[in-house]
Structures are given as C-alpha cells and as structure tokens.
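Novice:
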Amino acid sequence: MDQPPVAAVDRRMEFLGAYIQKSLKLKAEKWSRIMATEEYKATVMRFLERPSPNLLVIIVTPAAQLVPSNGFPLSQLKSKGVYFIKKESQPVCKATPGESVIVGDLSPKIIDQLASLVDEILVPLLSNTQNHSQWPAVIAKDVHKHVHSLRSTVYQVKGQVNGQTVLPMPVGIERVGEVEKMVTESNGELCDLYLKSGIEGVIMKWAAQINDVLVNDSSEKIVNPVPSVEIEFWCQRLRNLHYIYNQLREPNVRSMASILEKTNSAYYVCFKNIFRNVVIALAEAKDIYLHLTPLKRHIAMLEETDFSECIPLLAPVMHVVCLIWATCKSYDQVKLITLLKQICNLLILEAKKFLDPTTLFHSDIDEAMQRVDLCIRTLKQFMCLFKIYKLNLTRFFKDREATLWNFDTNLVFERFLAFLERLQTIQWFFNTVLEFSK
Numbered sequence: 144m145d146q147p148p149v150a151a152v153d154r155r156m157e158f159l160g161a162y163i164q165k166s167l168k169l170k171a172e173k174w175s176r177i178m179a180t181e182e183y184k185a186t187v188m189r190f191l192e193r194p195s196p197n198l199l200v201i202i203v204t205p206a207a208q209l210v211p212s213n214g215f216p217l218s219q220l221k222s223k224g225v226y227f228i229k230k231e232s233q234p235v236c237k238a239t240p241g242e243s244v245i246v247g248d249l250s251p252k253i254i255d256q257l258a259s260l261v262d263e264i265l266v267p268l269l270s271n272t273q274n275h276s277q278w279p280a281v282i283a284k285d286v287h288k289h290v291h292s293l294r295s296t297v298y299q300v301k302g303q304v305n306g307q308t309v310l311p312m313p314v315g316i317e318r319v320g321e322v323e324k325m326v327t328e329s330n331g332e333l334c335d336l337y338l339k340s341g342i343e344g345v346i347m348k349w350a351a352q353i354n355d356v357l358v359n360d361s362s363e364k365i366v367n368p369v370p371s372v373e374i375e376f377w378c379q380r381l382r383n384l385h386y387i388y389n390q391l392r393e394p395n396v397r398s399m400a401s402i403l404e405k406t407n408s409a410y411y412v413c414f415k416n417i418f419r420n421v422v423i424a425l426a427e428a429k430d431i432y433l434h435l436t437p438l439k440r441h442i443a444m445l446e447e448t449d450f451s452e453c454i455p456l457l458a459p460v461m462h463v464v465c466l467i468w469a470t471c472k473s474y475d476q477v478k479l480i481t482l483l484k485q486i487c488n489l490l491i492l493e494a495k496k497f498l499d500p501t502t503l504f505h506s507d508i509d510e511a512m513q514r515v516d517l518c519i520r521t522l523k524q525f526m527c528l529f530k531i532y533k534l535n536l537t538r539f540f541k542d543r544e545a546t547l548w549n550f551d552t553n554l555v556f557e558r559f560l561a562f563l564e565r566l567q568t569i570q571w572f573f574n575t576v577l578e579f580s581k
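One gets the numbering used here by counting positions in the sequence shown from 1 and adding 143 to each.
#1: Output the distance between the C-alpha atoms of I251 and F540, rounded to the nearest integer angstrom.
#2: If I follow the unbroken beta strand (DSSP E) through L199, where does it start and stop?
#3: Excluding sequence positions up to five away, which residues of its chain have a Cβ less than 6 Å from the Cβ of N574?
#4: Along the alpha helix (DSSP H) that carries I316, what are the first and last residues, could you check?
#5: Just to confirm the assignment, what range does the beta strand (DSSP E) spanning L249 have?
#6: Does the separation of the CB atoms of L438 and L445 fall below 8 Å?
#7: Per the DSSP calculation, V225 is bridged to which residue(s)?
#8: Below 7 Å CB to CB, which residues in the same chain sit around V149 once its five sequence neighbours on both sides are set aside?
#9: Just to confirm my understanding: we take A400, look at its own chain, exclude 5 residues before and 5 after, and list those with CB closer than 6 Å. What are they?
#10: Apart from the five residues on each side of it in sequence, which residues of its chain come closer than 6 Å, Cβ to Cβ, to Q485?
#11: For V309, which three-state DSSP category applies?
#12: Do three or more CB pairs link the segment 550 to 563 to the segment 475 to 489 at distances below 8 Å?
#13: How would you call R155, buried or exposed, if buried means at least 16 neighbouring beta carbons within 10 angstroms?
#14: F215: buried (16+ other C-beta within 10 angstroms of its C-beta) or exposed?
#15: What number of angstroms, rounded off, separates the C-alpha of G160 from the C-alpha of E231?
#16: To the nearest angstrom, how far is the alpha carbon of L492 from that of G224?
#17: Got a sec, what are the start and stop residues for the alpha helix (DSSP H) P455 sits in?
#18: Taking DSSP as the reference, what is the three-state secondary structure of L159?
#19: What do you get for C453, buried or exposed, if any count of 16 or more other CB atoms within 10 angstroms of its CB means buried?
#20: Closest by CA to Y432, which one among I163, I201, T470?
#21: Would the segment 378 to 385 and the segment 496 to 508 be scored as touching if the rule is three or more Cβ pairs under 8 Å?
#22: Starting from L191, trace the alpha helix (DSSP H) in both directions and tell me its first and last residue.
#23: Considering P211, what are the terminal residues of the beta strand (DSSP E) in which it resides?
#24: When the Cα atoms are used, what is the spatial distance from K168 to V261?
#25: In angstroms with no decimal places, state the Cα-to-Cα distance between F579 and F572.
#26: Sorted by chain position, which residues of the same chain lie with C-beta nearer than 6 Å to A545's C-beta, five sequence neighbours on each side aside?
#27: Only counting runs of 4 or more residues, tell me where the alpha helix (DSSP H) segments fall wholly within the segment 493 to 581, in order along the chain.
#28: Count the CB pairs spanning the segment 202 to 213 and the segment 162 to 176 that are closer than 8 Å, and state whether there are at least three.
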C-alpha cells in the first residue's frame with residue numbers, strides 16, 4: 144500500500160521560527176499559533192513569496208501573543224520585537240533563507256535604538272577621516288555636514304518624543320572653545336568663518352524652535368480639555384523650558400555667543416532675545432505651576448467621587464481658583480477663562496458618566512428623572528458658587544488692590560449653559576411622560 148506523500152519542510156519557516164524563539168525566548172507553540180491564524184500566516188507568506196513587501200516585523204503583544212506586520216508604525220510594540228529585511232526585492236530563497244534577509248532585534252523605544260545606531264555606527268564610520276582620505280575635500284566636508292545634520296535631527300525627534308526641545312549644534316562645535324580664544328586674542332579680527340556661519344544658522348533654527356514652545360497652548364490639540372490637562376501642560380512646559388535654559392547655559396553655547404558678540408554679528412541680538420524670552424517664560428511657568436499644584440488634589444477628588452456626592456467638593460475648587468487668581472502674578476484673565484472652562488468641561492464629563500446616555504431612556508423613568516434632577520441641581524450649584532466667589536473676590540487680596548473678574552461670563556459658560564439647557568429639555572420630557580402616564 145502506498146504511503147501518503149510527506150509535506151516538504153519549508154526551510155524559510157524554520158529559519159524565521161528558530162530566530163524568533165531564540166531572540167524573544169519563546170516556546171515553539173507561539174510560532175505555530177501564528178501559522179495557524181490565516182490572517183497572520185498570509186502576512187508572513189506575503190513577505191516570503193512576493194518581491195514586496197521587503198519588511199517583516201514580529202512583535203509580542205501585552206497578552207504575550209506574536210503578531211506579524213509588514214510595516215510601521217507598531218502601536219502594539221510594548222516589548223522587544225524582531226525584524227527581517229530582504230536584501231533584494233524578490234521572494235526569499237527557499238534553499239538559503241539566511242543569506243537572503245537581514246535580521247535584527249527591535250527595541251520598544253525605536254527612537255532610542257535609532258539614536259544609538261547613528262551615534263555608535265554611522266557617525267564614527269562617516270566622520271573618520273581615514274575612511275574618506277581619498278575623497279575630494281568638498282565631498283568629505285559635505286558628508287561630514289550631512290552626518291552632523293542627521294545626528295541633530297535624530298536627537299531632536301528623540302527629544303520631542305520625551306517632551307523635550309533639543310537645540311541642534313553647528314558643525315564643528317568641538318572647536319568652538321578654540322575659535323573663541325582666537326577671536327578674543329585678535330579682538331574679533333580673526334575668526335573661522337565656516338564655524339561662525341554654522342553658529343548663525345543654528346541661532347535661526349533655535350529662534351523657530353523656541354518660538355513654537357512659547358506660543359504652544361494647553362487646549363490646542365484637545366477637544367474640551369479638563370483641568371488635569373492644564374496642570375500637566377504647565378508641568379511639561381516647566382520641565383521643557385528648564386531643559387532649554389540649561390542648554391543655553393552650557394559652556395559651548397556661551398562660547399558661541401561670545402564669538403557672535405566679538406565679531407559684531409547681527410545674530411547676537413537674536414541670541415540675546417532668545418535667552419531673555421526663555422528666562423521670562425521659565426519664570427512664568429514656575430509661578431503658574433507652583434500655584435496650580437494645590438488644585439491638582441481637588442480636581443482628582445472631583446474625578447474620583449461619584450457625581451451624586453460632588454456638590455460639597457465644588458466650593459473648595461472655586462476657593463483654590465480664587466487663591467490662584469489673587470496670588471499668582473503670571474495668571475491673567477485669558478488663562479483664568481481657560482481654567483474655568485476646563486472645570487466646566489470636567490463637570491459636563493462627570494455628569495455624562497453619571498447619566499449614562501446609552502441607558503437613560505431605557506431605565507425606569509423615576510430613576511432617570513432623579514439622575515437628571517441631581518445633575519441640573521449640581522450644575523446650577525456650581526454657577527451659583529461662581530457668582531458668590533466673583534462678588535467676594537476682594538477678601539482674597541491682602542494688602543493690595545483687588546483685580547476683579549470683568550470678563551464676559553459667556554466666555555466661560557457657553558458650552559456649560561448649552562448642556563444645562565439640554566438637561567432641562569430632557570427633564571421637561573420626563574415630566575410630560577409622567578403626566579401622560581397618570
């Protein structure tokens with residue numbers, strides 16, 4: 144009797160599976176499970192059988208499952224992963240798969256991994272004069288400039304990911320102390336013009352970068368933000384401005400400023416303006432974050448407490464807001480309006496959670512009516528507290544003239560009042576239903 148044919152072993156699958164198990168320290172069954180899922184198997188086979196895609200990435204999800212992908216970004220990458228890249232745009236060779244692909248490990252912090260690659264491999268290779276001793280001087284200089292630019296860009300992106308503004312340095316920054324000494328000794332007559340031009344170029348980049356930081360607003364990218372967003376914004380802003388300030392005070396940067404000053408560069412004024420603006424913004428951020436910090440605890444309590452029990456928490460919130468207004472010199476009416484609107488947004492958000500719109504019209508009408516009534520009463524109580532504290536602002540100012548709230552209250556309560564009106568419409572509807580049910 145004829146034996147059934149034995150399926151040929153695909154060496155490519157063995158190669159992928161062996162590397163994944165070894166690198167990620169997983170059992171063979173994890174890889175087998177990928178190949179048992181049609182969608183995942185199709186992703187792997189597409190990489191192996193077709194000229195494109197050229198990339199296969201295997202990651203481990205938080206649930207300890209392997210997931211293949213043919214591209215970036217990898218939103219599920221929370222731990223180590225592996226990648227396979229084809230050397231040529233053609234199917235992976237079945238006989239010798241290891242010679243057809245480049246393999247490697249993928250860090251969960253891809254930007255950090257890229258920065259290490261640039262720092263430890265690309266920059267030393269391309270900056271070493273022995274590697275391009277036979278190149279024309281112009282080409283060698285241009286390559287050095289582009290390598291420096293790549294390194295600066297990677298560090299800027301890495302900084303942005305970490306919420307920090309990294310200021311790029313000019314090509315030849317390692318010689319800035321030597322050039323400063325030369326400029327000082329010659330009273331500004333002798334200078335490395337190439338380095339000076341590089342310094343002037345980065346000053347313009349700094350001006351643009353720092354301006355973006357200074358004009359950034361807490362509610363810019365978020366719809367209907369809450370107070371915790373404002374507090375976190377000022378915390379991050381303070382940390383970032385500290386980081387910028389420390390960079391501007393580094394010895395190399397001081398030497399750069401000295402070169403600009405002693406050579407009568409027009410960019411020295413720009414540098415002074417940058418430094419002054421950073422110092423002013425840093426002082427403002429310190430002042431505001433210091434005064435907002437006590438509010439953090441009250442906002443957290445408001446978020447954690449059931450909405451039916453939050454009326455006693457509203458007065459302390461308004462009390463702290465008034466103290467911020469009276470004692471924080473950097474807090475103007477625009478910032479106050481923003482904060483009050485965010486408190487309103489938080490109350491609306493908590494009211495929605497309490498009402499649960501998905502079940503409001505399906506639950507018992509008496510229970511739903513009680514929930515709506517309580518929300519209306521709570522929101523009206525907040526408006527009442529706002530008016531009381533507004534009229535009694537003078538008691539928060541000691542030994543100086545009080546600055547009153549003279550802004551239009553609609554700027555604060557426009558969305559709040561619209562939400563309250565909607566609740567009152569629902570209240571009227573429920574009352575009507577109850578009348579008809581009698």
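The beta carbon of each residue, even a glycine, is placed where N, CA and C say it ideally should be. Because the structure is a prediction, the values reported are computed rather than measured.
Specialist: Answer, in terms of the structure:
#1: The question names Ile, but residue 251 is Pro in the sequence shown. Near 51 Å, if we compare the C-alpha coordinates of F540 and P251.
#2: 198 to 203
#3: none
#4: No alpha helix (DSSP H) holds I316; DSSP gives it neither H nor E.
#5: 244 to 249
#6: no
#7: I201, D248
#8: The predicted position of V149 is uncertain, since its pLDDT is 43 and thus under 50; no value can be drawn from it.
#9: F414
#10: P368, V369, P370, E373
#11: coil
#12: yes
#13: buried
#14: exposed
#15: 21 Å
#16: 38 Å
#17: 454 to 470
#18: helix
#19: buried
#20: T470
#21: no
#22: 181 to 192
#23: 209 to 212
#24: 28 Å
#25: 11 Å
#26: L536, T537
#27: 500 to 503, 508 to 534, 553 to 580
#28: yes
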